[in-house]
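Chains as they are written, first to last, in the working numbering: chain A, 1 to 126; chain B, 1 to 461. We treat Cβ as the ideally placed atom computed from N, Cα and C, and that holds for glycine. For clarity, every value in this text was computed on a predicted model and none was experimentally measured.
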Amino acid sequence: MSVQLIDRALDRLESLWEDGLSEMYRSYLEAVTSHEPASQAKLALAAALVEIGVRLQGLGGRAAAPPTLLMGDLCLARSSRLLADAASQSVQVAFAQAIEAMSAAAASGAGTPATRELLLRALKAS
Amino acid sequence: MIGKRLRFETEHATEFVDITDRLRTEVRQAGMGMGRLHLQSLHTTLGLAVNENEPLLLRDFEGLLNRLAPANAGYEHDDFARRFDIAVDEPINGHAHCRQLLLTGFATLLVEDGELVLGRWQSVFAVELDGPRHRELAIQLDGDFSRATGARGLERDLVELELSRQLLVDPEPVSIPMRRLVEAGGKRLRPKLVQLAAGIGPRSEPLRAAALAAAVELLHNATLIHDDYVDESTHRRGRPTVAAAEGPERAIAVGDYYFAKATRLIAEIGNRDVTSTIAEALEAICASQIDDVALRGTYPGDHDSYLQVVRGKTAALFAAACASGALLSEASPEIVEALRRYGDLVGVAFQMADDLVDFSPSSGKPVGLDIRQRVLSLPLIYAAEDRTVGPEVRRLLAGALGDAEVGRVAELVTSSDALQRVRGEAQALVDAAVHELETVELDGLRPTLISLAHSAVDRIS
Chain A
1 MSVQLIDRAL DRLESLWEDG LSEMYRSYLE AVTSHEPASQ AKLALAAALV EIGVRLQGLG
61 GRAAAPPTLL MGDLCLARSS RLLADAASQS VQVAFAQAIE AMSAAAASGA GTPATRELLL
121 RALKAS
Chain B
1 MIGKRLRFET EHATEFVDIT DRLRTEVRQA GMGMGRLHLQ SLHTTLGLAV NENEPLLLRD
61 FEGLLNRLAP ANAGYEHDDF ARRFDIAVDE PINGHAHCRQ LLLTGFATLL VEDGELVLGR
121 WQSVFAVELD GPRHRELAIQ LDGDFSRATG ARGLERDLVE LELSRQLLVD PEPVSIPMRR
181 LVEAGGKRLR PKLVQLAAGI GPRSEPLRAA ALAAAVELLH NATLIHDDYV DESTHRRGRP
241 TVAAAEGPER AIAVGDYYFA KATRLIAEIG NRDVTSTIAE ALEAICASQI DDVALRGTYP
301 GDHDSYLQVV RGKTAALFAA ACASGALLSE ASPEIVEALR RYGDLVGVAF QMADDLVDFS
361 PSSGKPVGLD IRQRVLSLPL IYAAEDRTVG PEVRRLLAGA LGDAEVGRVA ELVTSSDALQ
421 RVRGEAQALV DAAVHELETV ELDGLRPTLI SLAHSAVDRI S
């Protein structure tokens, strides 16, 4: 993804890039090589945004303070938009199901399942 | 009054197309009880007739038309050498125009008890005189639409059924709090907009529209659950908020679950433009929530900041509801954009009306709740700018807000012209929204959309 594209995708979330998002993004890049080259970066960033988003919100743990929750919400929304741009229907559905699984577990007090595993599985959906 | 177009293809040079059943369907779908159906041919070689649909009789009519205006009788209209500005594909059809003169180009049919008033042997025909062609008839339904609530009610029921169905299959820790919120009511404006817009284009599928409408409503409620935690609201729709009843951790999880579920349901509909439209709206909502909280440092803020936040926080989903419904029905890009602008304007007007409710003792909500929670509110912005009451309003808002201070601020706002200004601005936005509808053909849905726009601000009249 070009620098400009990343800048646009990180609008209002720039501070997160140095705060772990860039590493997450890079780690997901390895998992998207089977996708169309043009959509790989967006998919990797979408996965990274979900992972950092639920972490910011405190999903499955202690609730984040309101401003941090809103940042987390924006991460999930941005991820959703990136997926709408770049992902197949099955990947979009799998991402949503991953978040459903995490939040249902959190709501029941069962603790969140491993976020990364769920997202890696979602990226493989076909 | 409802206006529509009836479109059909003819297959023969002369053809009696029985449109009675289609007209009956239009009357039923419009929910008209008592009134009139006006019908007008939009062509000079397409007539109308009310007569018996008996095949031999129709051949008699065709024979009569042939005798009265034979095809090769040497019509001056067909002498192209003497005519100007004729199209390259101009047909030789003087006979068809003359035959149309023998029929009629318009008709009015009476409607009683929701049915066309027709005699036992009467059928309504569009009479093709120069086919085969694509044809259009304009129809207008004028009368009492009290049965419309039945038709619209059926659509609303579909959304309610879909919401119930979706909540039924979810795990209880998330479904119980969401069901409590959904069942507590709400105006369901966004699903209504989806459903109305989904009826505009050529691909009208009520079940898909209901699925999208329900997903949009779930998404809206998911954002409310997080909002209530952020705003520290204790009640919504007369019931404890999820955050207040079950704690912020559960509220975050329930909000996330239904955010994800709604986006999944929308993705499963399988229309990429619809998915993108909703995703963009969701992003706008989240971004404006951040702005909203940031603006509380300069409370009550100014008009421009207010509009920026409200367009994201409230209007984005109204606009997306309209646009996504229209996209689902494969409406033209002009219609999609006109409806998107309509939704945006109605959404802002709706929020302004909602702001005014905070100052209305008859609303059923405690007066001054927005002031207490330091929620962005246009009446407060105007009152703070007011020369007379402004200094005191600003001083009070800068300090701690107990019952006395909240009461005094509400009193100052009410005594100024702030409420009147907001009311006028909201009404102007509704007028602008209605104007957007005038630029496109909406297949008879314009009156309902106009009525819905007005209902968004009715609470302030």
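Burial state of residue 59 of chain B, where buried means 16 or more other Cβ atoms lie within 10 Å: exposed
Residue environment, residue 15 of chain A, which counts as buried when at least 16 other CB atoms sit within 10 Å: exposed
As assigned by DSSP and simplified to three states, the class of residue 117 of chain B: coil
Residue burial classification, residue 460 of chain B (beta-carbon count within 10 angstroms, cutoff 16): Residue placement at residue 460 of chain B cannot be trusted, given a pLDDT of 46 that sits under 50; what the coordinates show is reported in the next sentence. That one is buried.
Residue 52 of chain B - containing beta strand (DSSP E), residue span: Here residue 52 of chain B belongs to no beta strand (DSSP E), and DSSP marks it neither H nor E.
Rounded separation between residue 162 of chain B and residue 155 of chain B - CA only: 11 Å
Euclidean distance between Cα positions of residue 369 of chain B and residue 427 of chain B: 24 Å
Residue environment, residue 56 of chain B, which counts as buried when at least 16 other CB atoms sit within 10 Å: exposed
Reference residue 419 of chain B; option with closest CA among B:436, B:380, B:406, B:438: B:380
Where residue 460 of chain B sits in the DSSP three-state scheme: Caution applies to residue 460 of chain B, whose pLDDT of 46 falls short of 50 and renders its modelled position unreliable; the model cannot decide the point.
Any C-beta of chain B under 8 Å from that of residue 108 of chain A: yes
Residue 44 of chain B to residue 96 of chain B span [Cα, whole Å]: 8 Å
Residues from the region 97-123 of chain A in contact with chain B, defined by Cβ distance under 7 Å: 97, 99, 100, 103, 104, 106, 107, 108
Chain B contact for residue 6 of chain A (CB, 8 Å cutoff): no
Interface positions of the region 354-380 of chain B facing chain E (Cβ-Cβ less than 8 Å), listed along the chain: Absence of chain E from the displayed structure is noted, the protein chains being A and B.
Helix, strand or coil at residue 104 of chain B according to DSSP, with G and I counted as helix: strand
For residue 2 of chain B: DSSP bridge partner residues: B:141
DSSP state of residue 264 of chain B mapped onto helix, strand, coil: helix
Contacts that residue 259 of chain B makes with chain A (C-beta to C-beta distance below 7 Å): 76
Spatial neighbours of residue 71 of chain B in its chain, beta-carbon cut-off 8 Å, leaving aside the 5 residues before and after: 95
Residue-chain proximity (residue 19 of chain A, chain B), Cβ-Cβ < 8 Å: no
Chain-ordered chain B contacts of residue 15 of chain A [CB-CB under 8 Å]: In chain order: nothing, as chain B lies at least about 12 Å away.
Beta-carbon spacing of residue 129 of chain B, residue 83 of chain B below 8 Å: no
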